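Below is one structure, written out as structure tokens; the observations come after it.
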Amino acid sequence: MREIYLDHAATTPVEPRVLEKMLPYFGETFGNPSSLHGYGRAGARALDGARDAVAAYIGAAPAEVYFTSGGTEADNWAVRGCAHALAEKGRHIVIGASEHHAVLAAADILRAEGFSVSFAPVNGEGVTDLAALERAFRPDTVLAAVMTANNETGVLQPVRRIADLCHARGILFFTDAVQAAGALSVDVKDSGADMLSLSAHKFYGPKGSGALYVRAGLKLHKLIAGGQQERGMRGGTDNVPGAVGMAEALRLACAERAQNAAYVSRLRDRFEERVLRGVENVLVNGGGAARLPSVSNLSFEGVDGEQLLYALDLQGVAASAGAACASGSVEPSHVLAAMGMPAARARGGVRFSFGKDNAAEEADAAADIVKECVEGLRRARRA
Ligand code: PLP
17 MREIYLDHAA
27 TTPVEPRVLE
37 KMLPYFGETF
47 GNPSSLHGYG
57 RAGARALDGA
67 RDAVAAYIGA
77 APAEVYFTSG
87 GTEADNWAVR
97 GCAHALAEKG
107 RHIVIGASEH
117 HAVLAAADIL
127 RAEGFSVSFA
137 PVNGEGVTDL
147 AALERAFRPD
157 TVLAAVMTAN
167 NETGVLQPVR
177 RIADLCHARG
187 ILFFTDAVQA
197 AGALSVDVKD
207 SGADMLSLSA
217 HKFYGPKGSG
227 ALYVRAGLKL
237 HKLIAGGQQE
247 RGMRGGTDNV
257 PGAVGMAEAL
267 RLACAERAQN
277 AAYVSRLRDR
287 FEERVLRGVE
297 NVLVNGGGAA
307 RLPSVSNLSF
317 EGVDGEQLLY
327 ALDLQGVAAS
337 AGAACASGSV
347 EPSHVLAAMG
357 MPAARARGGV
367 RFSFGKDNAA
377 EEADAAADIV
387 KECVEGLRRA
397 RRA
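In my numbering, the protein residues as written are 17 to 399.
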């Protein structure tokens, strides 16, 4: 049976050119960058080079980039590290209602520690309501966190405008750019973010490798205590192959962005049009907003998202119900719920996310399989 992978928002395969760059750092150049001998110096040089490259691609200075174990750690560090650092000034933060669980769970910990957390609502298309965001600000608000692109719907947020609203009140702004990096140009100057998170496995780099940008002059509390790695801000032996892989993946993503984005959005649009033409009562979640080129989030009336995923999997189509980490549970998606959708539609959302390795025939074949599965499930429900 043919397998069609349409879950690139969950993770992407490591691009062979990235792997090639990484391999020496598992073998002959295996030194620990903290060691004082030649092996260590070679590792440190590789780490410095990767930091310089990542910084350049996001418009930052190398000293503003900290490597982490991925997006989850970077998100936790930004939210908790910033709130703790500013606790004397205020103990209130505002986060987007459709943030990733890495941000939501970090905010939950803060709440348990006595901080207050407010949510910035989104409209029916998943875009932050700026007036409501402003109303959520209080004199003791120190931080707002709103993602650049949503992982379930691909909907883009007006991050520059949010940054400006925050800065006008002396509030720091963090954006989770994990889904956006690679697909869109991510520049910390353009976005106005004080902190920004990245994760390599979303743009054909390795899993377990991420970064947090922290604007110069801003001092976060540590999340991971240990040795003096990352300029004393994050303990733990540096993941040299991971950092090298992320830098190369970001380099390729930037160099090939225009071409890949155009290709992937053609596939996504072709798939969406074919599904909408072939299947009745389908809704495109976030379809009216600016979206990532790769993502299509669809709800099929009367069809449970989880059941549809199983049916698709049996036919070789790999898709996802909302966030990968939430699948396996039948909870309605918090992202679709925040967009005001009734529980049935929020439970029915299925995310198809295309990648540069997909072929046009796969988009067509997947759309036909979706039609077959949806009609089968609807027939079974009526029987
Ligand atoms: N933030 C967003 C928007 C994501 O989509 C993800 C991954 O699904 C993460 C954070 C977590 O990143 P990682 O898988 O590197 O921990």
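Glycine is no exception: its CB is placed at the ideal position from the N, C-alpha and C atoms.
Given the structure is predicted, the values throughout are model-derived calculations rather than measurements.
{"Item": "Cα separation between residue 86 and residue 142?", "Value": "25 Å"}
{"Item": "Does the separation of the CB atoms of residue 227 and residue 70 fall below 8 Å?", "Value": "yes"}
{"Item": "Taking 8 Å as the CB-CB limit, is residue 66 close to chain D?", "Value": "Checking the listed chains, one finds no chain D in this structure; it contains a single protein chain."}
{"Item": "Quick one: any contact between the region 200–220 and the region 90–103, if contact means 3 or more CB pairs under 8 Å?", "Value": "yes"}
{"Item": "Is DSSP giving residue 22 helix, strand or coil here?", "Value": "coil"}
{"Item": "Which two residues bound the contiguous beta strand (DSSP E) that contains residue 109?", "Value": "108–112"}
{"Item": "Let me check understanding here. Comparing Cα to Cα, which of 215, 232, 230 lies closest to residue 224?", "Value": "215"}
{"Item": "Using the Cβ count rule (16 or more neighbours within 10 Å means buried), how would you classify residue 297?", "Value": "exposed"}
{"Item": "Classify residue 329 as helix, strand or coil using the three-state DSSP reduction.", "Value": "helix"}
{"Item": "Please tell me whether, using a cut-off of 7 Å, the distance from the CB of residue 245 to the nearest non-hydrogen atom of ligand 1 is below it.", "Value": "no"}
{"Item": "Under three-state DSSP, which class holds residue 6?", "Value": "With the chain covering only 17 through 399, there is no way to say anything about residue 6."}
{"Item": "Residues in the same chain with beta-carbon distance under 6 Å from residue 381, minus the five sequence neighbours each way, listed in chain order, please.", "Value": "none"}
{"Item": "Among the residues of its own chain, which have a CB less than 7 Å from the CB of residue 106, if the five just before and after it don't count?", "Value": "156, 157, 158"}
{"Item": "Which of helix, strand or coil does DSSP assign to residue 285?", "Value": "helix"}
{"Item": "Have a look at residue 88 and residue 119 and give me their C-alpha separation to the nearest angstrom.", "Value": "8 Å"}
{"Item": "Using DSSP with H/G/I as helix, E/B as strand and the rest coil, what is residue 220?", "Value": "coil"}
{"Item": "Could you compute how far the alpha carbon of residue 303 sits from the alpha carbon of residue 293?", "Value": "15 Å"}
{"Item": "Whose C-beta lies closer than 7 Å to the C-beta of residue 260 among residues of the same chain, with five residues either side of it excluded?", "Value": "37, 38, 41, 62, 66"}
{"Item": "Can you list, in chain order, the residues of its chain with a C-beta nearer than 7 Å to that of residue 341? Leave out the 5 residues immediately preceding and following it.", "Value": "Because the pLDDT of residue 341 is 47, which lies under 50, any placement of that residue in the model is unreliable, and the question is left without a value."}
{"Item": "Closest by CA to residue 270, which one among 101, 203, 175, 104?", "Value": "203"}
{"Item": "Tell me which residues share the same chain as residue 122 and place their Cβ nearer than 7 Å to its Cβ, disregarding the 5 neighbours each side in the sequence.", "Value": "91, 92, 95, 96"}
{"Item": "Please report the distance separating the alpha-carbon of residue 187 from that of residue 354.", "Value": "24 Å"}
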